[in-house]
Amino acid sequence: MNAEQYDTLKAMMAKPSNPTISVNELDNPGQDRTLLWGYTLDRSSFHVYIKDGVLHRVVYGHPNTLISHISGEELACESMAPDKRAYPAACDEQFSRLMHEKGQHVRYTTFTEREDIPFHGLVSGELVA
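The sequence shown runs 1205 to 1333 under this note's numbering.
Structure, rendered in structure tokens:
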């Protein structure tokens, strides 16, 4: 590599990479559904879903106690990956693929068939702050 190429590489490396996913990148953005359901290191539930055209990420403990909630038309991929595992049969295939394509690693637990329902986890309105 020459000096100019090296300078270009350094500039690329200096830019923080914080990829996002927008609701508009998803097929059927008007279809309310779970995009990812999993759990955190402290065994809290971790639910990413789309509702009314908005992305939501809730983390909640038991019984149904809200720990955190973020929402928007676009969210950082990093904020939508649990620090422990996701249940693969409770995740949207396209969303999972987008996370991978954008460089966000998601760890999955063992595959277990699940009922095909709109929401696998609780949504913000069902949780107590």
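All C-beta atoms in this analysis are idealised placements derived from N, C-alpha and C, irrespective of residue type, glycine included.
With a 10 Å radius around the Cβ and a threshold of 16 neighbouring Cβ atoms, R1301 comes out exposed. If you ignore the 5 residues before and after Q1298, its C-beta comes within less than 8 Å of the C-beta of L1230, D1231, all in its own chain and listed in chain order. No Cβ-Cβ contact shorter than 8 Å links L1239 with V1258. A1280 sits in a strand when the DSSP states are folded into three classes. Counting C-beta pairs closer than 8 Å gives fewer than three between the region 1243 to 1252 and the region 1207 to 1215, which falls short of the contact rule.
Per DSSP, T1212 is one residue of the alpha helix (DSSP H) stretching across 1207 to 1218.
Taking each of E1278, D1296, T1313, P1267 in turn and checking the Cα distance to R1289, the smallest one comes out for T1313. As a beta-bridge residue in DSSP terms, I1225 pairs with L1279.
In the three-state reduction of the DSSP assignment, F1315 falls in the coil class, being assigned neither a helical nor a strand state.
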